[in-house]
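In the working numbering, the protein residues as written are 8 to 172.
Just so you know, even glycine gets a beta-carbon here, dropped at the ideal spot from N, CA and C.
For reference, the structure is listed below as structure tokens.
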């Protein structure tokens with residue numbers, strides 16, 4: 008699918024413009040405290056003319072045949088770009104966790120680390136994370152390392168998604 012730049016896109020969003028659209032694909036989840044599994048993912052990234060992007064990600068567990076088994080994680084958030092390639096990524100989760108990532112955007116690559124994590128008293132222990140997003144051969148590829156449940160920062164998620172809209 009060809010990507011075309013929205014003529015109404017605020018100039019400040021240009022470094023993140025490649026994220027805009029609807030993405031679908033699959034990935035792998037694993038961590039010492041859970042069993043490794045495959046997951047499906049759908050991400051929708053939009054803008055309304057203001058200098059930020061809206062983010063909505065949904066994932067679900069896949070069985071051996073690649074069929075949906077049950078919902079996994081949902082993320083709602085915002086990308087906020089700044090001068091010199093700096094970027095913030097604010098995320099909320101229905102599990103009682105709010106994250107603020109901070110990092111750098113380069114052409115077709117974004118590297119982030121948590122600058123803050125807030126947890127409700129009922130949320131699981133979660134302390135820090137890093138995320139890497141990239142546009143590789145027209146696909147959105149991403150990976151996340153996490154420190155949680157008494158474990159040090161280590162690989163947790165990765166996925167490859169195709170632009171579908």
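Could you check how far apart the C-beta atoms of residue i and residue j are, in whole angstroms? I think they sit under 8 Å.
{"i": "residue 116", "j": "residue 141", "result": "5 Å"}
{"i": "residue 59", "j": "residue 96", "result": "Wrong, their Cβ atoms sit about 10 Å apart, outside the cutoff."}
{"i": "residue 110", "j": "residue 120", "result": "6 Å"}
{"i": "residue 139", "j": "residue 88", "result": "No, residue 139 and residue 88 are not in contact; Cβ-Cβ is about 17 Å, not under 8 Å."}
{"i": "residue 136", "j": "residue 152", "result": "6 Å"}
{"i": "residue 57", "j": "residue 17", "result": "7 Å"}
{"i": "residue 124", "j": "residue 112", "result": "About 21 Å separates the two Cβ atoms, so there is no contact after all."}
Taking DSSP's pairing of strands, which residues face residue i in a bridge?
{"i": "residue 48", "result": "32, 66"}
{"i": "residue 87", "result": "95"}
{"i": "residue 104", "result": "100, 126"}
{"i": "residue 143", "result": "146"}
{"i": "residue 41", "result": "38"}
{"i": "residue 157", "result": "In DSSP, residue 157 forms no bridge with anything."}
{"i": "residue 60", "result": "86"}
{"i": "residue 78", "result": "67"}
{"i": "residue 136", "result": "153"}
{"i": "residue 131", "result": "Beta-bridge pairing links residue 131 to no other residue."}
{"i": "residue 112", "result": "117"}
My output table needs one value for residue i: the three-state DSSP class, helix, strand or coil.
{"i": "residue 20", "result": "helix"}
{"i": "residue 119", "result": "strand"}
Would you kindly report the start and end of the unbroken beta strand (DSSP E) that includes residue i?
{"i": "residue 167", "result": "161 to 170"}
### Message
Is it the case that the segment 90 to 106 contacts the segment 66 to 77, given that we only count it when at least three CB pairs across the two stretches are under 8 Å?
### Response
no
### Query
Should the segment 81 to 96 be regarded as contacting the segment 59 to 69, the criterion being three or more beta carbon pairs within less than 8 Å?
yes
### Message
Taking contact to mean 3 or more Cβ pairs, one atom from each stretch, closer than 8 Å, check whether the segment 154 to 169 and the segment 32 to 45 are in contact.
### Response
yes
### Task
May I ask you to verify whether the segment 132 to 147 touches the segment 14 to 34, counting CB pairs closer than 8 Å and requiring at least 3?
yes
### Message
Count Cβ pairs between the segment 19 to 29 and the segment 149 to 163 that sit closer than 8 Å; are there 3 or more?
### Response
no
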